[in-house]
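All remarks here apply to the structure that follows.
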Amino acid sequence: MTTKRTRSRKGAPGIVDVAKRANVSPATVSRFFNSPEVVRSPTRKRIEDAASDLGYIRDRMAGAMHNRFSGTFGLIVPTIDNAIFAELIEAFSTRLQERDRTMLIAAHGYDLTLETAIVRSLLERRIDGIALVGFDHNSVALNMLEQRDVPVISIWNYQKDAALPCIGADNIHAGHLIADHIAALGHQDIALVFPEVTNNDRARDRLTSVRQTLESHSIHVTEARILSCSYDVGEAKKLGLTMLNRDPPSAVICGNDVIALGMVYAANCLGIDVPGDVSIAGIGDFRGSEHLEPGLTTVRMPAKRIGLAAADTLLHMSETGMVPDPSNQSIPVELKVRNSTGRRQP
């Protein structure tokens, strides 16, 4: 025999139903859901039990009609198709959950027109704040955010004089670190395999910095040695098979670890020793890069720290209406030297 839950009215249970079950006032129930720390522990337990027993689900949007906060923040990233932004997304979401907030995430595939449409859609949902990746954005999107006076920050990349408050890593420095490392190993014939830099300031900064750093070591990389590849292991492997089989360089610097992974797979397929025959390096230090065989030399991008700091900053801006000082935060990158790079063989 099953027992049906009882309610004081038809339809979904509300705050009044929970209050009656817990023997407290509706105001106390509302206070519990908005600021549980101010409600005494025994009372919290009664409200939690009552809500669970009744199957009560908080209607945040109804609350948002009376408050200026919806409790939801937006995160717009270029892609969620691989590990590039996985740590960032997880950290951002975790911090919001700790503060009883939620996240809406969307990807624009490096299409700024689509990003503008996503911004519009999020604003229609009365979002409390939005984090955008990088500095390449459609002016229409930025104007909409300014007109609605919604807290907005740029993440992942860092510029001292950025127009938006930004929290990220110095991709120029990341490019310098990996190029300086490869040059110090004595490599002269170096291939650069990077994603398309249009609408991608992070890749653009890295590629520019790598080329400038190599030039400072009197290493000139010809245009024929600069190849474009999407963030796809399979495509990188296919490109690597062609390049390494036809005209292998002594070192390959990749725009991120996803591309580097494909290059290592290609070398393995061709029986080319890494790093004995060719050194391969990436940028990112994604999950699994350390455990690749051989372990991938790369530059650690502090994705988790960026995600946590981004959520903290948006929460602060939303709750206080103030931009933190300093408004721009540079989170350090770190060179990780592993076994995929070695000295140039004579």
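Numbering (this note's numbering), first residue to last: 43 to 388.
For glycine and all other residues, C-beta sits at the position ideal for the given N, C-alpha and C.
Predicted model only: the values in this text are computed from it and were never measured.
Output needed for residue 155: all residues of its chain with C-beta closer than 8 Å, excluding positions within five of it in sequence on either side, in chain order.
Within the sequence shown, residue 155 is the residue found at index 113, counting from 1. Here the set comprises 180.
Applying the 10 Å Cβ sphere with the 16-neighbour rule, what's the burial state of residue 58?
Along the sequence shown, one-based indexing puts residue 58 at 16. Flag for residue 58 reads exposed.
What are the boundary residues of the alpha helix (DSSP H) that residue 359 is part of?
In the sequence shown, residue 359 corresponds to position 317, counting from 1. First-last of the alpha helix (DSSP H) with residue 359: 345–362.
8 Å contact criterion, which residue 193 and residue 359 should meet: CB distance rounded
By 1-based counting over the sequence shown, the position of residue 193 is 151. By 1-based counting over the sequence shown, the position of residue 359 is 317. Confirmed, about 4 Å.
Return the first residue and the last residue of the beta strand (DSSP E) that residue 210 is part of.
Taking the sequence shown and counting its residues from 1, the one referred to as residue 210 is at position 168. Under the DSSP assignment, residue 210 falls in the beta strand (DSSP E) whose first and last residues are 208–211.
Taking buried to mean at least 16 other C-beta atoms within 10 Å of its own C-beta, is residue 321 buried or exposed?
To locate residue 321, count along the sequence shown from 1; it is residue 279. Buried, by the Cβ-count rule.
Going by DSSP, which residues form a beta bridge with residue 233?
To locate residue 233, count along the sequence shown from 1; it is residue 191. Residue 233 pairs with 294.
If you draw a straight line from the C-alpha of residue 242 to the C-alpha of residue 64, how long is it?
Along the sequence shown, read from residue 1 onward, the residue named residue 242 stands at position 200. Along the sequence shown, read from residue 1 onward, the residue named residue 64 stands at position 22. Between residue 242 and residue 64, the C-alpha separation is close to 54 Å.
What's the gap between the Cα of residue 205 and the Cα of residue 349?
For this step, residue 205 is matched to residue 163 along the sequence shown. For this step, residue 349 is matched to residue 307 along the sequence shown. When rounded, the distance between both Cα atoms is 20 Å.
Mapping DSSP to helix, strand and coil, what is residue 189?
By one-based count along the sequence shown, residue 189 stands at place 147. In the structure shown, residue 189 sits in a helix (DSSP, three-state: H, G or I).
Along the chain, where does the beta strand (DSSP E) that runs through residue 25 open and close?
What the structure shows of the chain is the stretch from 43 to 388, and residue 25 is not part of that stretch, so it cannot be assessed.
For residue 194, the first and last residue of its enclosing beta strand (DSSP E)
The residue you call residue 194 lines up with position 152 of the sequence shown. That run of the beta strand (DSSP E) goes 194–199.
Quick one: using the 10 Å Cβ neighbour count with 16 as the cut-off for buried, is residue 287 buried or exposed?
Along the sequence shown, one-based indexing puts residue 287 at 245. Result: exposed.
Residue 371 classed as buried or exposed, judged by whether at least 16 other C-beta atoms fall within 10 angstroms
On the sequence shown, residue 371 is found 329 positions in, with the first residue counted as 1. The residue is buried, with at least 16 neighbouring Cβ atoms inside 10 Å.
Which first and last residues belong to the alpha helix (DSSP H) in which residue 71 is found?
What you label residue 71 is simply residue 29 of the sequence shown in a count that begins at 1. Segment 68–76, the alpha helix (DSSP H) holding residue 71.
Within its chain, find whatever has a CB closer than 8 Å to the CB of residue 157; leave out the 5 residues flanking it on each side and keep chain order.
As a first step, residue 157 is located in the sequence shown; it is residue number 115 there, counting from the start. Hits under 8 Å: 118, 150, 174, 179, 180 and 183.
For residue 48, collect the residues of the same chain with a Cβ closer than 8 Å to its Cβ; drop the 5 residues on either side in sequence, then sort them by chain order.
Mapped onto the sequence shown, residue 48 falls at position 6. Note that residue 48 scores a pLDDT of 33, beneath 50, so its modelled location is shaky and nothing firm can be said.
Once DSSP output is grouped into helix, strand and coil, what is the label at residue 324?
The residue you call residue 324 lines up with position 282 of the sequence shown. The three-state secondary structure of residue 324, taken from DSSP, is coil.
Cβ pair residue 324, residue 299 closer than 8 Å:
Within the sequence shown, the letter at position 282 stands for residue 324. Within the sequence shown, the letter at position 257 stands for residue 299. It is a contact, given that the beta carbons lie within the stated cut-off.
Three-way DSSP call (helix, strand, coil) for residue 116 in this model
Position 74 of the sequence shown holds residue 116. Looking at residue 116 - three-state DSSP - the assignment turns out to be strand.
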